[in-house]
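Enquirer: For reference, the structure I am asking about is given below.
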Amino acid sequence: MAVRREKAERLADEELMPLIGAKDPEAFAVFYDRHGGVAYSLAYRIVGEPGAAEDVTQEAFISVWRSGARYDRARGSVRSWMLSIVRNRAIDSLRAGAGKAPKLTFDDEAVLEQRPADELTEEEAMRHETASEIRGVLGQLPGDQSKVIELAYYGGFSQSEIAAMLGVPLGTVKGRMRLGLEKIRGEIAEGLA
Amino acid sequence: MNEHDRWSEEVAAYVLGALDAESAAGLEAHAESCERCRSEIRWLTSAVEALAEAPPRREPPPQLRERLLSEVDADVRAESPGVEPGGLRGWLAGVRIGSLTWKPLVGLVAVVLVVAVVAGYVVGNDSGGGEGGATYSGAEGAITAEVVRQGDGAELNLAHVAELPPDRVLEAWVQREGTVEPVKALFVPDRDGNASTMINDMSGVEVVMVTREPAGGTAAPTSTPIVTVPIKD
Numbered sequence: 007m008a009v010r011r012e013k014a015e016r017l018a019d020e021e022l023m024p025l026i027g028a029k030d031p032e033a034f035a036v037f038y039d040r041h042g043g044v045a046y047s048l049a050y051r052i053v054g055e056p057g058a059a060e061d062v063t064q065e066a067f068i069s070v071w072r073s074g075a076r077y078d079r080a081r082g083s084v085r086s087w088m089l090s091i092v093r094n095r096a097i098d099s100l101r102a103g104a105g106k107a108p109k110l111t112f113d114d115e116a117v118l119e120q121r122p123a124d125e126l127t128e129e130e131a132m133r134h135e136t137a138s139e140i141r142g143v144l145g146q147l148p149g150d151q152s153k154v155i156e157l158a159y160y161g162g163f164s165q166s167e168i169a170a171m172l173g174v175p176l177g178t179v180k181g182r183m184r185l186g187l188e189k190i191r192g193e194i195a196e197g198l199a
Numbered sequence: 286m287n288e289h290d291r292w293s294e295e296v297a298a299y300v301l302g303a304l305d306a307e308s309a310a311g312l313e314a315h316a317e318s319c320e321r322c323r324s325e326i327r328w329l330t331s332a333v334e335a336l337a338e339a340p341p342r343r344e345p346p347p348q349l350r351e352r353l354l355s356e357v358d359a360d361v362r363a364e365s366p367g368v369e370p371g372g373l374r375g376w377l378a379g380v381r382i383g384s385l386t387w388k389p390l391v392g393l394v395a396v397v398l399v400v401a402v403v404a405g406y407v408v409g410n411d412s413g414g415g416e417g418g419a420t421y422s423g424a425e426g427a428i429t430a431e432v433v434r435q436g437d438g439a440e441l442n443l444a445h446v447a448e449l450p451p452d453r454v455l456e457a458w459v460q461r462e463g464t465v466e467p468v469k470a471l472f473v474p475d476r477d478g479n480a481s482t483m484i485n486d487m488s489g490v491e492v493v494m495v496t497r498e499p500a501g502g503t504a505a506p507t508s509t510p511i512v513t514v515p516i517k518d
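Residue numbers (the numbering used here), protein chains in the order written: chain A, 7 to 199; chain B, 286 to 518.
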């Protein structure tokens, strides 16, 4: 039997997944309401236009609906798992030529959320703040480091492709990726998130 | 440069998804026996997870939610066509024989017919008729696979499967008349290296295969099978 909406809303993501695996529409609706925004935002960041971002988000959530029982909590949070699905689908979409080339800068604050901050839940507000801070960290990285990271993660390019694109040795790309990620991780470890 | 140093250089590209498939497989194989590499992968994966949260927030259009929930409702209805919950109708609707779902039947004659069919099916299986219980095996390296026929479908069981990276799943495929189709069931190995999934329709299947694919699965295999099981009817 489907759980009631209010009950589903009180459950953690990890507790929702077995219900989704058992094909509970209310559990799925709660799951979408929690993560639809960040999923769509990531998809949009990668594919660069609303129609393709919608398609990617829809495919990713339907994939979770049909394989939700396969989530293994030993492999990380549900949210990270969900976003890795979105990212993979978005990169597939890019490679299929369905989206525009990815943007390579984080100075696009003009396209921030449409809801005013006081309508966000406390948890959403915290995540929003974290996202802003991560953008800040990325903005503070040396340009050559943030560029290789963005080309890899949001552009779906391999390190060899990035080396050829930028005209630098492969070892340089590896080093820049490593340094950039270490700095981001260091900021997280210092309590940024 | 030792083995660890060589693979450690690739960890950043690996967690960013920027390593070619062959090198990624090499790193995964090395990491199985290298705690330092596993630790580096875990450490930098957190940075990559932060990248997923970083894009400026955009609200998805409301029609996306409506479309998704409509599709979900359609799936649920397809599982239980025309069901009124509870009572005799609900019970009859829940009676499944193989891949068939019985629609609600009303009246004693219909009940008797259903019971007779169910009884016939059970007797047929007990007597060893059909393909129920037939088992097919395959192996690749340390991985072993077993396909156990159950009615129209089968259970696929793998053993000795190595741990997968967080963004990878196992995906099963069947080959019919030379065409490869996804089983549409994704799965992952447990801590003991065992993994199982169901194949709903085994009709005409010549080979069952399993590949490692990105989380969420793919429409066509993107890597070579980790194991294949020929089905000899």
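The beta carbon of each residue, even a glycine, is placed where N, CA and C say it ideally should be.
Just verifying my parser: in three-state terms, what is the DSSP assignment at B/G438?
Expert: DSSP places B/G438 in strand when its eight states are reduced to three.
Enquirer: Going by other Cβ atoms of all chains shown within 10 Å of its Cβ, with 16 needed for buried, is B/P510 buried or exposed?
Expert: Buried: at least 16 other Cβ atoms inside 10 Å.
Enquirer: Buried or exposed: A/K13, going by 16 or more other Cβ atoms within 10 Å of its Cβ?
Expert: So A/K13 counts as exposed.
Enquirer: Can you give me the C-alpha to C-alpha distance between A/D19 and B/P347, rounded to a whole angstrom?
Expert: C-alpha separation (whole angstroms): 22 angstroms.
Enquirer: Could you check where the beta strand (DSSP E) with B/I484 kicks off and where it finishes?
Expert: B/I484 -> beta strand (DSSP E) spans A480 to I484.
Enquirer: Between which residues of its own chain and A/K109 is the CB-CB distance below 6 angstroms, once the five residues before and five after are set aside?
Expert: Any reading at A/K109 must be qualified, since the residue scores a pLDDT of 44, below 50, and its modelled position is unreliable; the value itself is stated next. Correct list: empty, nothing qualifies.
Enquirer: Leaving out five residues on either side along the sequence, give the residues of the same chain with a beta carbon under 7 angstroms from the beta carbon of A/D113.
Expert: In this predicted model, A/D113 has a pLDDT of only 35, less than 50, meaning its place in the structure is not dependable enough to derive any value.
Enquirer: Mind pulling the chain B residues with CB within less than 8 angstroms of A/P31?
Expert: The contacting residues are L354, V357, D358 and V361.
Enquirer: For a contact defined as C-beta to C-beta under 9 angstroms, what are the partners of B/L471 on chain A?
Expert: The contacting residues are S69, R72, S73 and R76.
Enquirer: Residues of chain B with CB under 7 angstroms from A/A35, in chain order?
Expert: L354, listed in chain order.
Enquirer: Which residues in chain A sit within 7 angstroms of B/E227, going by Cβ to Cβ distance?
Expert: Outside the shown range of chain B, which is 286 to 518, sits residue 227 of chain B, and nothing can be said about it.
Enquirer: Looking at the C-beta of B/W292, does it have a partner C-beta in chain A at a distance below 9 angstroms?
Expert: No, its Cβ sits nowhere closer than 9 angstroms to a Cβ of chain A.
Enquirer: Taking the alpha-carbon of B/R323 as reference, which of B/E334, B/E338 and B/S293 has the nearest alpha-carbon?
Expert: Checking every option, the nearest Cα to that of B/R323 belongs to B/S293.
Enquirer: Taking 9 angstroms as the CB-CB cut-off, is B/L329 touching chain A?
Expert: So, interface residue.
Enquirer: Report back the beta-carbon spacing between A/V207 and A/K180 to the nearest angstrom; my notes put them in contact at under 8 angstroms.
Expert: There is no way to answer for residue 207 of chain A, as the model of chain A reaches only from 7 to 199.
Enquirer: Show which residues of chain B have a CB atom less than 7 angstroms away from the CB atom of A/K180.
Expert: The contacting residues are E294, A297 and A298.
Enquirer: Compute the distance between the beta-carbons of A/S73 and B/G501, then report whether it is under 9 angstroms.
Expert: Yes, the pair counts as a contact, with Cβ atoms nearer than the cut-off.
Enquirer: Whose CA, out of B/E456, B/A298 and B/D360, lies closest to the CA of A/G177?
Expert: If we check each option's Cα against that of A/G177, B/A298 comes out closest.
Enquirer: What's the C-alpha gap between B/S488 and B/D305?
Expert: Approximately 36 angstroms between the Cα atoms of the pair.
Enquirer: Chain A partners of B/V468, CB-CB under 7 angstroms?
Expert: Per Cβ cutoff of 7 angstroms: no residues; B/V468 is ~11 angstroms from chain A at best.
Enquirer: Which same chain residues end up closer than 7 angstroms to B/V267 when comparing Cβ atoms and leaving out the 5 residues on each side of it in sequence?
Expert: Residue 267 of chain B is absent from the model: chain B starts at 286 and stops at 518.
Enquirer: For chain B, find out if any of its Cβ atoms is closer than 9 angstroms to the Cβ of A/G92; answer yes or no.
Expert: Per the sequence shown, the amino acid found at residue 92 of chain A is Val instead of Gly. Closer than 9 angstroms to some Cβ of chain B, the Cβ of A/V92 qualifies, so yes.
Enquirer: At 7 angstroms on the CB atoms, spell out the chain A contacts of B/G501, in chain order.
Expert: Those are A66, S69, I91, N94 and R95, listed as they occur along chain A.
Enquirer: Measuring only between beta-carbons, confirm whether B/L301 sits less than 9 angstroms from chain A.
Expert: Interface residue, yes.
Enquirer: Can you tell me which of the three DSSP states B/S422 falls into?
Expert: Note: B/S422 maps to strand in three-state DSSP.
Enquirer: With DSSP as the reference, identify every bridge partner of B/V512, one or two as the case may be.
Expert: Answer is B/V495.
Enquirer: Mind pulling the chain A residues with CB within less than 8 angstroms of B/L349?
Expert: Those are G42, Y46, E60, T63 and Q64, listed as they occur along chain A.
Enquirer: My output table needs one value for A/L17: the three-state DSSP class, helix, strand or coil.
Expert: In the structure shown, A/L17 sits in coil (DSSP, three-state: anything other than H, G, I, E or B).
Enquirer: Should A/Q165 be flagged as near chain B, meaning a C-beta pair shorter than 9 angstroms?
Expert: At least one chain B Cβ lies under 9 angstroms of A/Q165.
Enquirer: Buried or exposed: where does B/M483 fall if 16 or more other Cβ atoms within 10 Å of its Cβ makes it buried?
Expert: Exposed, by the Cβ-count rule.
Enquirer: Please tell me whether A/A170 has its Cβ less than 9 angstroms away from any Cβ of chain B.
Expert: Judged by the 9 angstroms Cβ criterion, A/A170 is not in contact with chain B.
Enquirer: Tell me whether A/R141 sits in a helix, a strand or coil according to DSSP, three-state version.
Expert: It is helical.
Enquirer: Kindly identify the DSSP beta-bridge partner or partners of B/L443.
Expert: BP columns for B/L443 point to B/A430 and B/A480.
Enquirer: Does the distance from the C-beta atom of A/V92 to that of A/M23 stay below 9 angstroms?
Expert: No, the pair does not count as a contact, with Cβ atoms beyond the cut-off.
Enquirer: Would A/A96 and B/L354 be called neighbours here (beta carbons separated by less than 9 angstroms)?
Expert: No.
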